[in-house]
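Following: one structure in structure tokens, then a few remarks.
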Amino acid sequence: MKNIGGRHNLLLLLSTFFFGGFEVLNALPYDYTASAECLENPHKPQYGGGVIVNAELNEGLKGWSSFGNAKIQHRESKGNKFIVALGRNQQHASVSQKVSLQSGKLYTFSAWIQASKGGVPVTAMFKTGSGTYIRAGSIVAESNCWSMLKGGFPANASGPAELYFESKDTSVEIWVDSISLQPFTEEEWKSHQDQSIAKIRKSNVKIQAVDKQGKPLANAKISIQQKTPTFPFGCSLTKYILKNTAYQNWFLSRFTVATFGDEMKWYSTENTQGLEDYSVADAMLQFTKQHNIAVRGHNVFWDDPFYQLGWVKSLSPQQLASATQKRLNSVMNKYKGQLIGWDVVNENLHFNFFESKMGANASALFYNWAIRADAATTLFLNEYNTIEESADEATTPTKYLRKLKEMRTFPGNERGRFAIGLESHFTTPNIPYIRSSIDTLAAAGVPIWITELDVANGPKQTLYLEQILRETYAHPHIQGIVLWAGPTEKGCYRMCLTDNINFKNLPNGDVVDKLIHEWGLKGLVSGTTDAKGFFEASLSHGDYDVSITHPNSKSSSLVQRLNVKSTASSQKPLFLKFSS
């Protein structure tokens, strides 16, 4: 400890405890639980069914009717009662219940689904009185067991609506049980976010200043400077940063993690077969190391045929297998131990270039090679539209989990450290669907990151960006967020945070700065001890430097590093002492 001098010996007593959070009076808590397993019997409906009548089907067909000329039956199996749609000759033919929606409310929906044959996509739909259709969520239903469908939507207008289920396979029966539709006000939804942030991202720190006799010191000035936040919040980087000091200063004053937009991709490092060039990526990695910026590796392979080099497309299956193995070993061995994770295969739910050439197990094989090359590094699947678009049937949360399971259960992959990457390229966000989709994905029990967050340009871009950031940061299962806004000399991809000349914030950048400050991811907390020598602050988890000044002391002294972490783990009180 540094001894600067003064007329008092000062003692700081620090202890931490859970921060109580913010509450809305009588607000119903949100249920973050979801199931990724196909179960013999469904769970009870969330929220007791909410506004759904006869949610557990214990009262026969009360509240339920046919939709699209389907036949409906009430059945019972092993003590469990449910409703069945059969004789379906249209994809929307199913069971139905009429509900009333209220404009401005956010709805979370769930149901347990089974089909008469397995592997059948089933979607929950709402048809409004005005004739519009709302897609609440989808599931891949199995036979002989129940799967949980979880989704949601905001109501943009008040009025009647009709819940029904659809499947393109009209030959199957659709079985439904434990249905729930729960509305929340915007204030209640915000209270969920505030309470979650207070519980999982912050702790209260209580500090007492006393003299060497143990007497409390009132009016001592406490300064708590954050050095490193625990939560990784970052932005994509481009090579433009290597020669632009304004860009460097802007980035380093905000972010703690980066993803290189293009510079580690195959088409950047081996544009000509056999001629590898990592010089740009090396320079960028050297820059991030110098400034303690963590880096996500992006990406080893991209399954989109559009982004394959001509020489890669021309290879035979055997040649491609050899070239891909060489590529993976080259890039992963070169940066082994230097990255916090790798997007091993990008977008392999939407595309299948490597599978079309090398066989259906190509992606799983790549993860197998990656585990052999660097078993200690987290290996991501990275996809878009899993939380952005409920209408994209290729990448629903259920299909994402099925792909993840394929990768994890491939022989030799069991020891891999897998994770979920959600690109998050939004147009118009469906906030309840974002939350429920992450709930479902979290049932896999692996880390989840927002990896490429941006919003399409439009009049509400800044508003949408703030809504998405608040929702994802507050979700208890999100472990990191990376924005996709790295500027180049020509501009940025879809969303700019700053101009690319003077690096002055644009409105989107102001939103990011506001939230960084609000969440306590950067900056200084200061105040004065009360009559009993206490000072209390709510701090985001991370490392801090604490200093103290007292009116009877000639100068201030730097104390020592304070680590604030979740009180879910045991923390002993920390004693810090100033000596004159």
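In case it helps, mature numbering (1 follows the signal peptide of the UniProt record, and there is no 0) puts the sequence shown at residues -27 to -1, 1 to 553. Note that CB positions come from ideal geometry on N, CA and C, so glycine has one too.
Between which two residues does the beta strand (DSSP E) holding residue i run?
i, result
"Val484", "Element bounds for Val484: not the beta strand (DSSP E) but the alpha helix (DSSP H), 480 to 492."
"His271", "267 to 275"
"Ile56", "53 to 59"
"Tyr517", "515 to 522"
"Glu13", "Note, Glu13: premise wrong, no beta strand (DSSP E); not H, not E."
"Val149", "147 to 157"
"Trp119", "No beta strand (DSSP E) holds Trp119; DSSP gives it neither H nor E."
"Phe138", "132 to 139"
"Cys208", "206 to 210"
"Asp142", "Here Asp142 belongs to no beta strand (DSSP E), and DSSP marks it neither H nor E."
"Ala97", "93 to 101"
"Lys194", "194 to 202"
"Leu426", "421 to 428"
"Arg48", "44 to 50"
Using the rule of at least 16 other Cβ atoms within 10 Å of the residue's Cβ for burial, across every protein chain shown, is residue i buried or exposed?
i, result
"Lys372", "buried"
"Lys123", "buried"
"Val149", "buried"
"Tyr308", "buried"
"Gln186", "exposed"
"Val26", "exposed"
"Thr211", "buried"
"Lys330", "buried"
"Lys495", "buried"
"residue 565", "Past the edges of the chain, shown from -27 to 553, lies residue 565, and the structure says nothing about it."
"Pro370", "buried"
"Thr400", "exposed"
"Val537", "buried"
"Ser289", "exposed"
"His523", "buried"
"Asn481", "buried"
"Gln63", "exposed"
"Arg534", "exposed"
If we call anything under 9 Å between Cβ atoms a contact, is residue i one with residue j?
i, j, result
"Ala114", "Gly91", "yes"
"Ala109", "Val68", "no"
"Glu366", "Glu396", "no"
"Asn473", "Tyr220", "yes"
"Glu236", "Ala254", "yes"
"Phe353", "Phe391", "yes"
"Ser153", "Gly21", "yes"
"Phe126", "Phe157", "no"
"Ala28", "Ile45", "no"
"His450", "Pro202", "no"
"Thr368", "Gly314", "no"
Please state whether DSSP places residue i in a helix, a strand or coil.
i, result
"Gly385", "coil"
"Ile360", "coil"
"Val285", "helix"
"Gln168", "helix"
"Lys163", "helix"
"Ser336", "helix"
"Asp316", "strand"
"Asn536", "strand"
"Thr502", "coil"
"Pro2", "coil"
"Val113", "strand"
"Tyr466", "coil"
"Ala343", "helix"
Along the alpha helix (DSSP H) that carries residue i, what are the first and last residues, could you check?
i, result
"Asp412", "404 to 415"
"Val304", "290 to 307"
"Phe327", "326 to 331"
"Trp239", "239 to 242"
"Ile441", "434 to 447"
"Asn177", "Counting along the chain, Asn177 falls outside any alpha helix (DSSP H), though it belongs to the beta strand (DSSP E) covering 175 to 184."
"Ala223", "Reading off the sequence, residue 223 comes out as Trp, not Ala. Where Trp223 is concerned, the enclosing alpha helix (DSSP H) stretches over 218 to 225."
"Phe82", "Run containing Phe82: none in the alpha helix (DSSP H); it sits in the beta strand (DSSP E), 79 to 88."
"Met257", "252 to 263"
Under the assumption that residue i contacts residue j (Cβ atoms under 8 Å), give the Cβ distance between them as a whole number of angstroms.
i, j, result
"Lys175", "Ser511", "5 Å"
"Thr413", "Ala84", "Their Cβ separation, rounded to whole angstroms, is 13 Å, which puts Thr413 and Ala84 out of contact at 8 Å."
"Ala193", "Thr502", "4 Å"
"Phe327", "Phe383", "Wrong, their Cβ atoms sit about 14 Å apart, outside the cutoff."
"Ser209", "Lys17", "Wrong, their Cβ atoms sit about 43 Å apart, outside the cutoff."
"Ala447", "Ser169", "5 Å"
"Ala231", "Gly207", "5 Å"
"Phe224", "Ile214", "6 Å"
Answer with yes or no whether the minimum CB distance from residue i to chain B is below 9 Å.
i, result
"Asn117", "Within the model displayed, chain B is absent; a lone protein chain is all it includes."
At a cut-off of 8 Å, is residue i close to the ligand SAM when judged by its beta-carbon and the heavy atoms of the ligand?
i, result
"Pro156", "The ligand SAM is not part of this structure, which contains no ligands at all."
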